[in-house]
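First residue of the sequence shown: 6, per the working numbering; consecutive thereafter. Below is one structure, written out as structure tokens, with a few remarks after it.
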Amino acid sequence: MKKRSLFLILVLFTILISGCKYNFILPEETVEPNPGGEPVSFSKQVQPIFDAKCISCHKAGGTMPDLTAANSYSQVVPKNIDATPENSKIYTFPSPTTTLHAWKKYSSNEANLVLTWIKEGAKNN
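Laid out in structure tokens, this is it:
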């Protein structure tokens with residue numbers, strides 16, 4: 006009886022230990038948004054982020070601001086840009102480090118790109 010109990014405990018312990026698996030989550034590497042010194046382009050770099058992540062909700066007749074290509078710049082600047090770039094709502098609200106926007110968030114690289122665009126003057130280029 007003791008052998009059977011010991012064997013059963015050993016089998017259960019083996020199943021428990023072999024079932025444990027840990028998936029390592031590596032931090033995302035942030036890339037320099039304009040390595041050649043070129044300014045960040047709103048139409049070529051920032052608007053595609055809005056197109057991919059935001060316009061399912063933020064479109065004409067949807068949740069404000071309207072981030073479709075035709076309206077996004079006028080909806081974002083100056084209402085969602087702050088004098089301190091890091092406090093700009095277009096950067097902080099969908100930031101990967103905040104819980105304010107629970108649906109979709111920027112990746113670290115996208116957030117860095119948007120912040121760089123704001124720091125460069127949030128130009129309509």
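Think of the CB as a built atom: it goes at the ideal place given N, C-alpha and C, for glycine as much as any other residue.
Keeping to the same chain, check which residues put their C-beta closer than 6 Å to that of residue i; ignore five residues upstream and five downstream.
i, result
"VAL36", "ASN114"
"LYS49", "none"
Quick check on this structure: which residue in the options has the alpha carbon closest to the alpha carbon of residue i?
i, options, result
"THR89", "LYS124, VAL51 and MET6", "LYS124"
"LYS64", "ILE14, VAL81 and LYS49", "VAL81"
"ASN117", "VAL16, ILE20 and SER93", "SER93"
"TYR96", "LEU120, PRO53 and LEU31", "LEU120"
"GLN52", "SER77, GLY126 and THR68", "SER77"
"ALA75", "ILE14, PHE55, PRO83 and LYS84", "PHE55"
"PRO32", "MET6, LYS128, GLY67 and SER112", "SER112"
Looking only at its own chain, which residues have a Cβ that is under 7 Å from the Cβ of residue i, when we skip the five neighbours before and after it?
i, result
"SER46", "ASN130"
Give me the Cβ distance between residue i and residue j, rounded to the nearest whole Å; I'm assuming they're in contact under 8 Å.
i, j, result
"ILE60", "THR73", "6 Å"
"LYS5", "PRO44", "For the chain, the structure presents residues 6 to 130; residue 5 sits outside this window and is missing."
Is any heavy atom of the ligand ATP found at a distance shorter than 7 Å from the C-beta of residue i?
i, result
"SER79", "In terms of ligand content, the structure shown is empty, and the ligand ATP therefore cannot be addressed."
message = I'd like the ranges of any alpha helix (DSSP H) spanning at least 4 consecutive residues and lying wholly in the stretch 38-101.
response = 52-58, 77-81 and 94-97
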